[in-house]
Amino acid sequence: MRLYLLSLLGDSELHGYQILRTLKERVGGDYTPSAGTVYPRLRQLEREGLVRARQEAGRILYQLTGAGEAALRDQASEIQELETEVGRLAHEMSTQLRSEVRDSARELREELRAQSEALRSRAGKAPFSGDLQEQLARFTAEWTRLVAPGTTSAQARAALAAAIEAAVAELHQTLGNAKP
Amino acid sequence: MAEWEIETPETVQFAEAPSELLVDLVGGDISVAASDGPSSLEVRRVDGPVVQARLDGGKLEIWQRRPSFWGIGTTRVSASVAILVPPGCRVRIETVSASVSVEGLEAELELKTVSGEATLESLRGPVTAETVSGDVSSRGQSGKLRGETVSGGVTLNAFGGSSVRLHTVSGEVFADLMQAEPDSSAEVETVSGSVYLRLPVSSSQKVRVESVSGHLTSAFPELRADSGPGSRSLKGSLGEGRGKVKVSTISGSVSLLAGATA
Chain A
0 MRLYLLSLLG DSELHGYQIL RTLKERVGGD YTPSAGTVYP RLRQLEREGL
50 VRARQEAGRI LYQLTGAGEA ALRDQASEIQ ELETEVGRLA HEMSTQLRSE
100 VRDSARELRE ELRAQSEALR SRAGKAPFSG DLQEQLARFT AEWTRLVAPG
150 TTSAQARAAL AAAIEAAVAE LHQTLGNAKP
Chain B
0 MAEWEIETPE TVQFAEAPSE LLVDLVGGDI SVAASDGPSS LEVRRVDGPV
50 VQARLDGGKL EIWQRRPSFW GIGTTRVSAS VAILVPPGCR VRIETVSASV
100 SVEGLEAELE LKTVSGEATL ESLRGPVTAE TVSGDVSSRG QSGKLRGETV
150 SGGVTLNAFG GSSVRLHTVS GEVFADLMQA EPDSSAEVET VSGSVYLRLP
200 VSSSQKVRVE SVSGHLTSAF PELRADSGPG SRSLKGSLGE GRGKVKVSTI
250 SGSVSLLAGA TA
């Protein structure tokens, strides 16, 4: 409140009611400073030599003294410093937080990749397992069936079946060696 | 209404707490944090046009005017700002390449970036993040997340919210959903990005993972693996099937991993 009154006076000279009105406008909301609060404070500031009061046409005008101006400057710069500090602190914290989040994200990625790797290698030697092997088995059965006993000679059938099995075995071999 | 033009490092304290924040900076660094104390804007660095701020009726806008002509000799347009707002403030951030970090908000966050990286911490409100190549990392988020990226990666650490919807082209997705809400839903769509989801062993989800040619790995034997021409899938119900996990990729591999709830 003190500082506010000082800053309101700033470099002008104000009547008591002007001060009250400005306070009401600026502060607003739930807190409406009353004459009973403001005038005693002004008188206190006067006693401390920070504010000068003079009479004019029956009204009292308030003004900052040199000392008042100096006090305002000092406190204002303190407030500015505090604001800057709070801001800087918030910013530092956020920089630190940012690298923390980034680091924990990277750790999570490594963890999940490793878990996935472990799971895959447990599932079988071949990087493709389960469904593909099933598909290969189906493929072999299909081809063997397609080579109907009536259409080709037993020899040709045997040769074809052997060729298919060899191809499938080679496929398994290739897949088993393939990089994931 | 109050306006500021800031050319040199400075902190501005706002007498009025904003209920809405819009930040529009081309590049640099943007930090937004929720605070119960006074709202403020700290400008740490300005390159190029002045940083402008306007607070009017609860709406706080902070921007750096983009030059209408980007020609030879155009200086960088970039600024480093740190903003404190009330937790209930709705925030929207638009940038091209600025690094963005947001923390503690309880209301909506909308983030649009091209290549800027985003780190999000403890966000409670609904989050929409769109990036082209910028990575998004979010830790301790509750609420809902919707993310769209082209090649940016998405990493969700300790996600405890109710819904995740991610759409990427080649961006990888890593999501630890151990703390997600029981009825939560996780939907991921990608073309070629790898997807890693970690669910609790005692998970309760209806699962549907589909891919054209991507490799599917699952730590859950309850799920049935199927494959047909041009597609393969992992489907089934875990536990009571209260939540939902749906992943579809073209060539991206999918790993459904199990974590033990400590």
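For the protein sequence lines, the chains are A and B, in the order given. For the first sequence, the tail end lands on 179 under numbering that gives the first Met the number 0, and the numbers increase by one without skipping. For the second sequence, the tail end lands on 261 under numbering that gives the first Met the number 0, and the numbers increase by one without skipping. Note that the Cβ used here is the ideal one computed from N, Cα and C, for glycine as well.
Query                                                                                                                      : Result
Cβ-based contacts, 9 Å cut-off: residues of the stretch 182-203 of chain B near chain A                                    : S193, Y195, L196, R197
Span of the beta strand (DSSP E) around A/E45                                                                              : Taken as a continuous stretch (DSSP letters only), A/E45 belongs to no beta strand (DSSP E), being part of the alpha helix (DSSP H) at 34-46.
Partners in chain B for A/R74, counting only beta-carbon separations shorter than 7 Å                                      : Checking the sequence, you will find Gln at residue 74 of chain A rather than Arg. Going along chain B, no residue has its Cβ under 7 Å from A/Q74, so there is no contact; the nearest lies around 15 Å.
Endpoints, the alpha helix (DSSP H) within which A/S6 is located                                                           : 1-8
B/H166: first and last residue of the uninterrupted beta strand (DSSP E) it sits in                                        : 162-167
Inter-stretch contact at 8 Å, needing at least 3 Cβ pairs: the stretch 103-116 of chain A / the stretch 191-205 of chain B : yes
Listed by chain order, chain B residues near A/Q114 by CB distance under 9 Å                                               : Y195, R197, A218, S254, L256, A257, G258
Contact with chain B by A/S181, beta-carbon distance below 8 Å                                                             : Since the first and last residues shown for chain A are 0 and 179, residue 181 of chain A lies out of range.
C-beta neighbour in chain A for B/T112, strict 8 Å                                                                         : no
Reference B/R241, options B/S201, B/S250, B/E6, closest by Cα                                                              : B/S201
Beta carbon of A/G48 nearer than 8 Å to that of A/A69                                                                      : no
Supposed contact pair B/E116 and B/S98 - C-beta distance, whole angstroms, cut 8 Å                                         : 5 Å
Secondary structure, alpha helix (DSSP H): runs of 4+ residues fully inside the stretch 12-82 of chain B                   : none
Outcome for B/E188 when other beta-carbon atoms lying within 10 angstroms are tallied against a minimum of 16              : buried
Contacts of A/A52 in chain B (Cβ-Cβ under 8 Å)                                                                             : Neighbours of A/A52 on chain B: none; closest Cβ ~28 Å, over 8 Å.
Proximity below 8 Å, CB of A/L60 to CB of A/E12                                                                            : yes
B/V168 vs B/A185 beta-carbon contact at 8 Å                                                                                : no
Bounding residues of the beta strand (DSSP E) (the contiguous stretch that carries B/F173)                                 : 172-175
Cβ pair A/L8, A/Q62 closer than 8 Å                                                                                        : yes
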